[in-house]
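One rule links them: number in this note's numbering = place in the sequence shown (from 1) + 60. Note that the Cβ used here is the ideal one computed from N, Cα and C, for glycine as well. Keep in mind the model is a prediction, meaning the values are calculated, not measured. Everything below concerns the one structure shown next.
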Amino acid sequence: MDVQHDGGRFNMFFRIVAQSFRRQRRRKAIATSALVLGTSVAVAMTTVALDIGDKINRELKAFGANLVIIPKGRTLPLEVGGEDVSRLGRETFLPEHRIPKIKDIFWRNNILAFAPLLDTPATFRGRTVTLVGTWFSRPVQCSGGTVVTGMRHLAPYWHVDGAWIEDDAQRPQVMVGRSLAEAFHFRLGETMTIEVGGKRISLLITGIVTTGGAEDDQLFTTLDLVQELTHRHGQVARILVSALTTPEDKIYERLGRSPRELSPEEFENWYCTPFVSSIAFQLNEVFPTAQVKPIRRVVESEGRILNKVKLMMMIIAALALIAATLAVMSTMMAMVLERRPEIGLMKAMGSSDGSVVRLFLAEAFIIGLMGAVIGSGIGVALAEMIGQVVFGVHVRLHLLVLPVSFITAELVTLVGCAAPVRMLLRLRPVDILRSA
């Protein structure tokens, strides 16, 4: 008998819930739509924020290298009055044959491009200029296969009028910085003759380089040619590296210690995360006679931009969920007011406050479930659309987002029901039936 009684009670409970959805279709649809909107935006923003980090970082890498490898004891080039005063000290160099080792580090797949440089003073028409030798687009045999790298891949932000230099060109070629080209009225296809170490050489101008930086006052040619002119075969002055990194964790920033001073667990977590400092440390392992320095201006800018984009997406997701909570709350309040006679009658017939609350929470759970299912589907499609339209890439779905979205939708619904439930508990059957 008890089983039949309980079964009849549950049947009655579900019939009341089903009739509620039939009678209040419009209000239920409004609450579900608000939840769908909030959930879809939250899912889209979360999915994009979780997956787009590497994509944004790759886009930022178009602005050049974020690491530089230089010999120990050597300083970065510093020009004063057109002269590189860093040459006043003893010059040291890096072995060119070790450059492929860059792709042997733990985070080898995060190394996007690299290029060695060797610069020397050159004289043209009585003026001293800097001649920089480098790779432009050169195949390099590494342990994992052949990669093509050089300044053309490292610095795509360079604006080149004309053509990039070909590394294997038979005739010596040069690209001229914009400022030099304007000062000497160079034109593409012309030949210029410079003097390096008492040796004169003619170069074909293939391109005019514009960067807005020091490169506008420099000449660029192949690394092999500068090595030959300076008698430094197999040597380079520095190596620029573009690596895909994660913004430095504030915990490790605060440590301010040498990596060797970290505990084994801290060191493992740091080493196995692509921070710019950990990648620099790994590069130092393959270049023991060098020092690897992050180009802080680039690194910090990348980190700030990436963090701000993610923060903006999280704020949008939070605002969408808050808006959905308020919409659900107002709709549920209206539903309680609309069903006051029904609630009064249920209480007058002996239903406890707990039974009435469970009825409304069951309705809210169903609304939350429908909003989560529909909103998650729309959110995934919206994330893909944002990825394609804004970033031009496919966005990968993180499976963890779906269960979190379901839980979030139900929490939003429950929070939205808090005020209506409190109002429901304050309703007195006598007052309701008397007013009815």
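Checklist line | Any 3 or more C-beta pairs closer than 8 Å across the segment 443–456 and the segment 388–405 | finding: no
Item checked: Segment contact, 8 Å Cβ cut-off, at least three pairs: the segment 321–340 with the segment 201–212 -> no
Notebook entry, point to check: So R231 and F347 are in contact, right, with Cβ under 8 Å, and what is the actual spacing, rounded?
Noted result: Contact doesn't hold; Cβ gap of about 33 Å is too wide.
Item checked: Buried versus exposed call for A408 [16 or more other C-beta atoms within 10 Å across all chains shown] -> exposed
Notebook entry, point to check: Quick check: the segment 76–88 against the segment 423–433, are there 3 or more CB pairs under 8 Å?
Noted result: yes
Next item on the list: With a threshold of 16 other CB atoms inside 10 Å of the CB of Q64, please say whether the residue is buried or exposed.
Entry: Low local confidence applies: a pLDDT of 48 at Q64 is under 50, so the model's placement there is unreliable, with the coordinate-based value given in what follows. Counting Cβ neighbours within 10 Å, Q64 comes out exposed, since fewer than 16 surround it.
Checklist line | Contact set for L214: own chain, Cβ-Cβ below 7 Å, skip 5 residues either direction | finding: G124, A125, A173, F174, A175, L300, S302
Checklist line | H213 - containing alpha helix (DSSP H), residue span | finding: 211–214
Check: For K132, which of helix, strand or coil comes out of DSSP?
Finding: coil
Margin query: Using the three-state DSSP reduction, which class does A175 fall into: helix, strand or coil?
Written below: strand
Margin query: Can you list, in chain order, the residues of its chain with a C-beta nearer than 7 Å to that of P160? Leave out the 5 residues immediately preceding and following it.
Written below: V200, Q201, C202
Margin query: What residue range does the alpha helix (DSSP H) around L429 cover?
Written below: 413–446
Item checked: Option in M372, S436, T180, D164 with minimal Cα separation from L289 -> T180
Check: Is the number of C-beta pairs between the segment 260–279 and the segment 226–244 that are closer than 8 Å three or more?
Finding: yes
Next item on the list: Just confirm the distance between the C-beta atoms of M211 and T194, as a whole number of angstroms; I'd bet it's less than 8 Å.
Entry: 5 Å
Check: How big is the Cα-Cα spacing for L487 and I90?
Finding: 24 Å
Check: Taking the beta strand (DSSP E) that K259 falls in, what are its first and last residues?
Finding: 259–270
Next item on the list: Could you tell me the boundaries of the beta strand (DSSP E) in which M235 lies?
Entry: 233–237
Check: When you compare each of W224, S239, L279, S93 to L178 by their alpha carbons, which one comes out closest?
Finding: L279
Next item on the list: Can you grab the Cα-Cα spacing for the pair V145 / E151, in whole Å?
Entry: Below a pLDDT of 50, predicted positions are generally treated as unreliable, and V145, at 47, falls in that range; the measurement from the model is reported next regardless. Those two C-alpha atoms are separated by around 12 Å.
Notebook entry, point to check: Under three-state DSSP, which class holds I382?
Noted result: helix
Next item on the list: Could you tell me which of D413, R399, I225 sits nearest to D284, measuring between CA atoms?
Entry: I225
Checklist line | Helix, strand or coil at V189 [DSSP, three-state] | finding: strand
Next item on the list: Return the CA-CA distance between R456 and D111, expressed in angstroms with no decimal places.
Entry: 6 Å
Notebook entry, point to check: Along the chain, where does the alpha helix (DSSP H) that runs through R400 open and close?
Noted result: 400–408
Item checked: Euclidean distance between Cα positions of L497 and S465 -> What the structure shows of the chain is the stretch from 61 to 496, and residue 497 is not part of that stretch, so it cannot be assessed.
Check: Which partner residues of L300 appear in the DSSP bridge assignment?
Finding: V128, A175
Note to self: Please report the straight-line C-alpha distance between T281 and I129, rounded to a whole angstrom.
What the structure shows: 20 Å
Note to self: Given this structure, state the Cα-to-Cα distance separating V369 from V108, to the nearest angstrom.
What the structure shows: 10 Å
Item checked: Local conformation of A229 per DSSP, three classes -> coil
Notebook entry, point to check: Considering only C-alpha positions, which residue in the set A422, P463, V440, W218 is nearest to A274?
Noted result: W218
Checklist line | Which listed residue (F244, P155, A94, T99) has its alpha carbon closest to that of R292 | finding: P155
Notebook entry, point to check: I think M105 touches I467, with their Cβ atoms under 8 Å apart; what is that distance to the nearest whole Å?
Noted result: Actually they are not in contact, since the Cβ atoms of M105 and I467 sit about 17 Å apart, beyond 8 Å.
Note to self: Please identify the residue among V96, I165, L97, K132 whose C-alpha is closest to the C-alpha of P334.
What the structure shows: I165
Check: DSSP state of Q287, grouped into three classes?
Finding: helix
Note to self: Using only CA atoms, which one of V352, R298, V220 lies nearest to F153?
What the structure shows: R298
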